[in-house]
Amino acid sequence: MPQKLSRSLIKKYPSITYNDAIQLGITDEDLKYISEIAPNKFRASVPNPFGKRLTKVEHSIIDAIHTKYDFLKKVTDEKIRLNEQNESVSKNKITKFSKVSEGIQLYLNERAKDLDKGFIQEATYSLDIDCSKNAYLIASKIFNDLIIDVDENRAQDLTNYFYDLKGTNGKKLSTNTIYKPFSFMHKVFNYFKNDLKIITYNPFDNVKNKPHAISNEKTYLTEEEMHYIHDRVEFENIRFRTLIVLLLDSGIRREEALALKFENINKNRNTASIKSAVIKLKGKLIVKSTKTKASEREIILTNNSIDLINKYRQFKTACGFVVKDDDFIFTAWDSMDLIDPNRYSAEFKKFIKRIGIKKDIPLKNLRTTNATFFVANAKNLKAVQKHEGHSSFETTMKFYAQSNLDEERKLVDIYEQKFYNKLGLSMADLYRIISDRFNDDKKLISVLEKVTNEYIDSNNFDIQLECCKSYFKELFPIFDKIQKIDNLLTDDEIEAIFKGFTSLYLNIKIEPFSPSLKI
Numbered sequence: 006m007p008q009k010l011s012r013s014l015i016k017k018y019p020s021i022t023y024n025d026a027i028q029l030g031i032t033d034e035d036l037k038y039i040s041e042i043a044p045n046k047f048r049a050s051v052p053n054p055f056g057k058r059l060t061k062v063e064h065s066i067i068d069a070i071h072t073k074y075d076f077l078k079k080v081t082d083e084k085i086r087l088n089e090q091n092e093s094v095s096k097n098k099i100t101k102f103s104k105v106s107e108g109i110q111l112y113l114n115e116r117a118k119d120l121d122k123g124f125i126q127e128a129t130y131s132l133d134i135d136c137s138k139n140a141y142l143i144a145s146k147i148f149n150d151l152i153i154d155v156d157e158n159r160a161q162d163l164t165n166y167f168y169d170l171k172g173t174n175g176k177k178l179s180t181n182t183i184y185k186p187f188s189f190m191h192k193v194f195n196y197f198k199n200d201l202k203i204i205t206y207n208p209f210d211n212v213k214n215k216p217h218a219i220s221n222e223k224t225y226l227t228e229e230e231m232h233y234i235h236d237r238v239e240f241e242n243i244r245f246r247t248l249i250v251l252l253l254d255s256g257i258r259r260e261e262a263l264a265l266k267f268e269n270i271n272k273n274r275n276t277a278s279i280k281s282a283v284i285k286l287k288g289k290l291i292v293k294s295t296k297t298k299a300s301e302r303e304i305i306l307t308n309n310s311i312d313l314i315n316k317y318r319q320f321k322t323a324c325g326f327v328v329k330d331d332d333f334i335f336t337a338w339d340s341m342d343l344i345d346p347n348r349y350s351a352e353f354k355k356f357i358k359r360i361g362i363k364k365d366i367p368l369k370n371l372r373t374t375n376a377t378f379f380v381a382n383a384k385n386l387k388a389v390q391k392h393e394g395h396s397s398f399e400t401t402m403k404f405y406a407q408s409n410l411d412e413e414r415k416l417v418d419i420y421e422q423k424f425y426n427k428l429g430l431s432m433a434d435l436y437r438i439i440s441d442r443f444n445d446d447k448k449l450i451s452v453l454e455k456v457t458n459e460y461i462d463s464n465n466f467d468i469q470l471e472c473c474k475s476y477f478k479e480l481f482p483i484f485d486k487i488q489k490i491d492n493l494l495t496d497d498e499i500e501a502i503f504k505g506f507t508s509l510y511l512n513i514k515i516e517p518f519s520p521s522l523k524i
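Numbering (my numbering), first residue to last: 6 to 524.
Structure (C-alpha cells):
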C-alpha cells in the first residue's frame, strides 16, 4: 500500500506547504523522528537503544530526512553487530566483530594443531608465538581493535607506525625487524579471510611501502677466503675445527650437523646420513625431523671431514668419555650432552673477526658458500640440489644466479679483451710467442703486422718475430724469469700464472714500432 502524507502532520512544519511536500514525495514515514525547531531548521532525532539518541540539525527538510534514514541504518547495523557478538560469545565463535586478539588466539591454536600433525616446523610455530608477543605490535594497540575495524587505512597506519619507530640506539628499526610483525599480521588476516571467511579481503594486501625481508644469504666466502679459513682453522680447538670444516666442505645446515651421531657416518662409503636437526625452542634443545623431506639425505663427505670426525672421537675418548656410536658428535667439553647451537655461531663470529675477515658472515652462510662453490663448478646441478637438500630446483638456481662473481668476472674479461686488447691476445699468449709455444701462424702474422706496422712475408718474418719478442720482454720483464722454467710448465700452468696479471697487462699500451699507429 503506497504511503501518504497527512495534511494534519504537515501543519507541524510551517516552512513547507502541503503541495510542496507532495511534489518532493515526502510521506508520513519520512517525517517520523523529524521536528522543525525554527524557520527552515529541522532536527532529526532517532532513539538509539544502545546509547544516546542520534541527533542532528539540518537547514532543509530533505537533508533532515536523509540524515534520519542514515541514523536508522546505523541503529540497524548496531543491532546486527551486537547479535553477532552475542552469538560469538555464546557459541565461542570468532566473527568479524571479535577482537583481533581473539582471532589471533584461534589462529595460534590452529597452528599448534598443524605442528602436532607435522604440517609445519617447530621453528615456524615458534616464530608465530614470538610475533604474537611482539612489543611493537602490542604497543600499537591493534590487538584491541575489532577485526571488522581493521581496514586498509588501519593497516597503512600500522605500517607507518613501524617505520617511524626507533630502537634503543635511537635509530629507526631495520627492515627485517619491521617485516616480522607485519608479515605476522598479514598471515593472520589471510587466515580470517581464507579459513574463517569472516572478512572479504586482507587489508594488508594493498599497503604502500610493504616491508620485505632482506636476506643475508647471499653473503658468502670467495675461494680465496675459503682457502684462508681452512688454513687458519687448523690452529683452533678440535671441536670447532671439525664443525667448521664439516660445514664448509659439505654445505649441511648447522642444525643438521649438530644432530649428527657417530653412527650416521659411514667410513666405508665416506658419507653422512642426514636424518634430523637440533633446534632451540622455548629455551630447550629439541631434536626434530629435517627441514623438508628433501633434506633427509645421504651425502658424500670429504676425506678431511671424515678424518677430523675420527680425531674428535679419539679426543673425547682420551678425555675419559665412553663414546658410543649413538652419541652425538658435537657435545659439551665436560659431557656427551648437546649444547646451545648459538654458542657455535658466536664462536665463529669471534673467529672471523680475529683472523681479519671483514665480511659480516654468520655461521649458517658456510652453507651458502658451499652451495655457491658447487653450483659454479658443477656440470650437473641436479646433483647439487640433492647434495644440498634443496626441496626445489629453483632454490639451487638461486645460487647459480648469485654465484658467481667469478662468472661475472669472466664476462668482464671477455669484454675487456674485445674492446681494450687491440692485439686480441692474452698475456699468456704473448708469453707463448716469446717462448715459441704459439701455434696459430695466421694470428701470429696478424700480431706482427700490428706491432711492426709492416707487411709480413717469408722475407721478414724471422727478423720481425725476434724484434717482437725483444719488445714483449722489455714490456714484461716477468717473461724472462718464467722462461727459465719454461720446460717444466704445461699450457694450463702458463694460463694460470698469467691470469693474475690481466689488469696489469690491459693497462700497458703496446705501440707499434712506428708511432703513427697506436695499438
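In this text, a Cβ means the ideal position worked out from N, Cα and C, and glycines have one as well.
Computed from a prediction, not measured in an experiment: that's the story for all the values here.
Terminal residues of the beta strand (DSSP E) in which residue i lies
i	result
Lys293	Lys289 to Ser294
Arg302	Arg302 to Ile305
Ala282	Ser281 to Leu286
Ala128	Ala128 -> not in any beta strand (DSSP E); alpha helix (DSSP H) instead, spanning Glu127 to Ser137.
Ser40	Ile39 to Ala43
Opening and closing residue of the alpha helix (DSSP H) in which residue i lies
i	result
Ile502	Asp496 to Lys504
Ala140	Ala140 to Ser145
Phe148	Neither: Phe148 is in no alpha helix (DSSP H) and is coded neither H nor E.
Thr457	Asp446 to Thr457
Asp485	Ile483 to Gln488
Asn114	Val105 to Asp121
Val238	Glu228 to Val238
Asp434	Met432 to Ile439
Asp339	No alpha helix (DSSP H) contains Asp339, which DSSP labels as neither H nor E.
Glu34	Asp33 to Leu36
Asp467	Phe466 to Leu480
Asn24	Tyr23 to Leu29
Phe245	Ile243 to Ser255
Ile153	Run containing Ile153: none; DSSP gives neither H nor E here.
Ile203	Premise fails: Ile203 is in no alpha helix (DSSP H) and is neither H nor E.
Arg12	Arg12 to Ile15
Per DSSP, the bridge partner or partners of residue i
i	result
Lys60	First, the residue type needs correcting, since residue 60 is Thr and not Lys in the sequence shown. DSSP lists Ser50 as partners of Thr60.
Lys5	The structure shown does not extend to residue 5, since the chain spans only 6 to 524, so no value can be given for it.
Ile4	In this structure the chain extends from 6 to 524, so residue 4 is not present and cannot be described.
Phe326	None, per the DSSP bridge assignment.
Phe333	Lys266
Rounded separation between residue i and residue j - CA only
i	j	result
Ala406	Phe194	Its pLDDT being 47, under 50, Ala406 is placed unreliably in this model, and the coordinates cannot settle the point.
Asp236	Leu251	14 Å
Asn465	Glu454	11 Å
Ile234	Glu228	10 Å
Asn275	Asn308	7 Å
Leu343	Phe320	17 Å
Ala376	Arg258	11 Å
Asp345	Leu313	22 Å
Ala433	Ile450	17 Å
Asp133	Asn139	10 Å
Ile524	Asn458	Unreliable placement is indicated for Ile524, whose pLDDT of 39 sits below 50; no coordinate value is reported for it.
Phe124	Leu430	59 Å
Lys329	Lys171	52 Å
Asp462	Asn492	30 Å
Lys504	Asp365	29 Å
Leu142	Pro186	7 Å
Pro19	Asp82	34 Å
Asp496	Arg442	9 Å
Asp25	Ile66	11 Å
Leu14	Ile42	15 Å
Lys369	Glu241	19 Å
Lys198	Ser340	51 Å
Lys489	Ile483	10 Å
Tyr184	Leu371	25 Å
Ile362	Val238	13 Å
His5	Asn211	Residue 5 is absent from the structure shown; the chain starts at 6 and stops at 524.
Asp332	Asn269	10 Å
Ser350	Lys285	13 Å
TODO: Would you be able to state if there are at least three C-beta pairs under 8 Å between the region 278-291 and the region 256-264?
DONE: yes
TODO: Determine, using beta-carbon pairs with one atom in the region 149-162 and one in the region 184-204, whether at least three such pairs fall under 8 Å.
DONE: yes
Open item on the list: Counting beta carbon pairs with one atom in the region 73-89 and one in the region 43-61, are three or more of them shorter than 8 Å?
Closed with: yes
- [ ] Count the CB pairs spanning the region 121-131 and the region 163-179 that are closer than 8 Å, and state whether there are at least three.
- [x] no
Task: 4-residue-minimum alpha helix (DSSP H) runs that sit fully inside the region 346-383, ordered along the chain - done: 346-359 and 370-382
Task: Touch test, the region 202-216 against the region 349-362, Cβ-Cβ under 8 Å, three pairs minimum - done: no
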